[in-house]
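Here is the structure we will look at.
Protein chains in written order, with the working numbering: chain D, 139 to 363; chain Y, 51 to 550.
Written out as structure tokens, the structure is:
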């Protein structure tokens, strides 16, 4: 069963008087529970593809279905709800809320959902923080954590809502190789345990060994799957 | 909500520099607003207290034919229409429950004749029953020289302001017969030598009315008085006994109406040929009554009811807590059938009564200008803060925060700053007003007296004023946050990623 279904996706950016064709017609399906890597050189369009799948950017043409919902025709409020309930994000630069500590950052999306009691929110956040190995840093703010620890917090936050998909844009790019490997091991483990679909972009060949599927993109087109 | 408040508060602490800049602006705005509202309120209250309790009462009853509402301070000195039926007004007022007390008075313009041959002066004069005046206004007048007359014999109370003005004009110094010249009371800038000063113990007034029926009356100076407050404004109204005032204006006096003709006088008036009275032959009367003998007997005189004569205005004090405009309407309605109407003290004193509104408008414009500047600075600072936090806001949006969440978070931050710093500003302003009130700053300057609402500067803050200040602060906060809030709401996750 496919969690993502993309047909004829194009994305153009106006740049002065010219237009940059970031995606030129992508057709792609991703099965639920996959652990997929999107690879390609810088400027190939992999981040744009992830952004469109994650409802962060909009498609110029084509169809994008996430969990059977056509996202290209959604309004801002619906898209925000979809991001909150179905998608988790892990950014390259470990974007955390600087004024919240580890547990508060992880609790943040759960509090936005307004579906759980405070006790349940804390329980779920604590469980994930323990799973990513940050029990001792529960009350530290992002500025007091290392890069690897921040990325672990981002992973915990991405998973805490039990999303269908976790999108990670070069999650190891700013980490040393040992920490990067630890992060990928953690993602693989979560993928197995929670059967969450992971899609991550990278241009690091060492990362590829973790992926179940790899798609290669160049000049806005899929060149291998 | 807790989450928003938590993030907002921590962001305020995190961006201390910007928070302090915005906070100081809000503090100053709230402080100035509080002081401004306190000054305006104190002025309004002071003017009302001093004018109402010392000069006009809450409202004034005038003849329906009286065109202008400004019955006290019209600069052109147009004659105030007479009221001939005060007893009817008296009866009417007794039936109106909101009325506490009332005082009929005469008020018009008169010439003060210079007996030494100089130019006359023009002055507003009041005509009162002194005992009733005292009962109505209490201790609004301070007697500087002489005494306050309590009977209705011919007498005038000369106010210090007009005495000084007339002295500067004519070198004539009025004082009571039992008083000697107190040089300390002469105007300090007077260049007149003591030998040149003409001291007078009586004043000759000649009324000015529209009927051209005035006459001149001499009244002895009973005392020289000073108003306890706003003397520079009201200290230009000499106060005459009502009967002298009526004579001066050519009005019907109460004792005119009280003379009862004897049979002989009636007989004389009934003569077929009154000119015969002036002939060589004894007049032929229609009866044989001994005329000369009868005339020698004094005509019987009824006790004088001072109220039967003519007045111009009736000053009315209301029971505390009455709505002024509603009371004016009510009394005007009641007075229609007897030909009188009511005017509020504010309208009756013209520009002086409206001065609070004028100064209030000026201060309001000043405060609005201050707000305008404050709003621009706050808008600029907050907009910059929003853009600097693009990554944070964009990331929040990426993980599922709606635009409304971002809006509430931003509003909470500004609201907290406004609450804390604006609150401190209001409290500081309140304390400053209490301190200034205790200092009892006084002034003799006309304009400052208007600003003070009396001789003493007593700014005052009511709960309503504090409420208005809080509302103004809330409005400033709301206006200042609108644009930055829209900037923050427009930030998308893509903006955050693009920035990274």
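All residues carry an ideal CB built from backbone N, CA and C; glycine is no exception.
- Using the rule of at least 16 other Cβ atoms within 10 Å of the residue's Cβ for burial, across every protein chain shown, is residue 338/Y buried or exposed? Interpretation of residue 338/Y is limited by its pLDDT of 49, a score under 50 that renders its predicted location unreliable; the figure taken from the coordinates is listed afterwards. The residue is exposed, with fewer than 16 neighbouring Cβ atoms inside 10 Å.
- Message: Determine, for residue 455/Y, whether the minimum Cβ-Cβ distance to residues of chain D falls below 8 Å.
- Response: yes
- Message: Please classify residue 281/D as buried or exposed, where buried requires at least 16 other C-beta atoms within 10 Å of its C-beta.
- Response: exposed
- So what does DSSP say about residue 136/Y, is it helix, strand or coil? helix
- Item | First through last residue of the beta strand (DSSP E) which encompasses residue 362/Y | Per DSSP, residue 362/Y belongs to no beta strand (DSSP E) and is neither H nor E.
- Have a look at residue 239/D and residue 295/D and give me their C-alpha separation to the nearest angstrom. 12 Å
- By Cβ distance, which residues of its chain are closer than 7 Å to residue 219/Y, with the 5 residues on each side in sequence left out? 171
- Under a Cβ-count criterion, where at least 16 other Cβ atoms within 10 Å of its own Cβ denotes burial, should residue 314/D be classed as buried or exposed? exposed
- Message: Less than 7 Å between C-beta atoms, sequence neighbours within five positions excluded: which residues of the same chain meet that for residue 529/Y?
- Response: 425
- First and last residue of the uninterrupted alpha helix (DSSP H) at residue 538/Y: 513-540
- Task: Return the chain-ordered ranges of every alpha helix (DSSP H) run that is complete within the region 419-471 of chain Y and spans a minimum of 4 residues.
- Result: 440-448, 453-467
- DSSP beta-bridge partners of residue 158/Y: 175/Y
- Proximal residues, the region 426-451 of chain Y versus chain D, C-beta separation under 9 Å: 441, 442, 444, 445, 446, 447, 448, 449, 450, 451
- So what's residue 153/D in DSSP terms, helix, strand or just coil? strand
- Query: Are the beta-carbon atoms of residue 175/Y and residue 295/Y separated by less than 8 Å?
  - Reply: yes
- Ends of the beta strand (DSSP E) at residue 273/Y? 266-277
- Determine which residues of the region 239-257 of chain D have a Cβ less than 7 Å from any Cβ of chain Y, and write them out in chain order. 246, 247, 249, 250
- Out of 299/Y, 65/Y, 197/Y, 401/Y, which has the shortest C-alpha to C-alpha gap to residue 431/Y? 65/Y
- Query: Comparing alpha-carbon positions, which option in 310/D, 218/D, 247/D, 175/D lies nearest residue 195/D?
  - Reply: 218/D
- Distance, residue 56/Y Cα to residue 407/D Cα: Here chain D comprises residues numbered 139 to 363, so residue 407/D is not present and cannot be evaluated.
- Task: Give the range of the alpha helix (DSSP H) segment to which residue 92/Y is assigned.
- Result: 66-101
- Message: Tell me the rounded alpha-carbon separation between residue 451/Y and residue 246/D.
- Response: 9 Å
- Message: With a threshold of 6 Å on Cβ separation, who are the neighbours of residue 304/D within its own chain once the five nearest residues in sequence on each side are excluded?
- Response: 226, 296, 334, 336
- Item | Own chain, CB closer than 7 Å to residue 580/Y, minus 5 neighbours either side, in chain order | Residue 580/Y is absent from the structure shown; chain Y starts at 51 and stops at 550.
- Message: For residue 546/Y, would you say it is in contact with chain D, using Cβ-to-Cβ distances shorter than 8 Å as the test?
- Response: yes
- Query: Are the region 76-85 of chain Y and the region 209-224 of chain D touching, with three or more C-beta to C-beta distances below 8 Å?
  - Reply: no
- Measure from the C-beta of residue 195/D to each C-beta in chain Y and report whether the shortest distance is under 8 Å. yes
- Message: Between residue 145/D and chain Y, is the shortest Cβ-Cβ distance under 8 Å, so that the two count as touching?
- Response: no
- If you count every other CB in all the chains shown that lies within 10 Å of the CB of residue 408/Y, and 16 or more means buried, which is it? exposed
- Item | residue 251/D: first and last residue of the uninterrupted alpha helix (DSSP H) it sits in | 240-251
- Message: Below 8 Å on C-beta distance, what does residue 535/Y contact in chain D?
- Response: Neighbours of residue 535/Y on chain D: none; closest Cβ ~16 Å, over 8 Å.
- Query: Within 10 angstroms of its Cβ, does residue 212/Y collect 16 or more other Cβ (buried), or is it exposed?
  - Reply: buried
- Cα separation between residue 307/D and residue 61/Y? 28 Å
- Task: Assign residue 377/Y to one of three DSSP states: helix, strand, or coil.
- Result: helix
- Would the beta-carbon of residue 291/Y fall within 8 Å of that of residue 203/Y? yes
- Supposed close pair residue 244/D, residue 298/D - CB separation, criterion 8 Å: 5 Å
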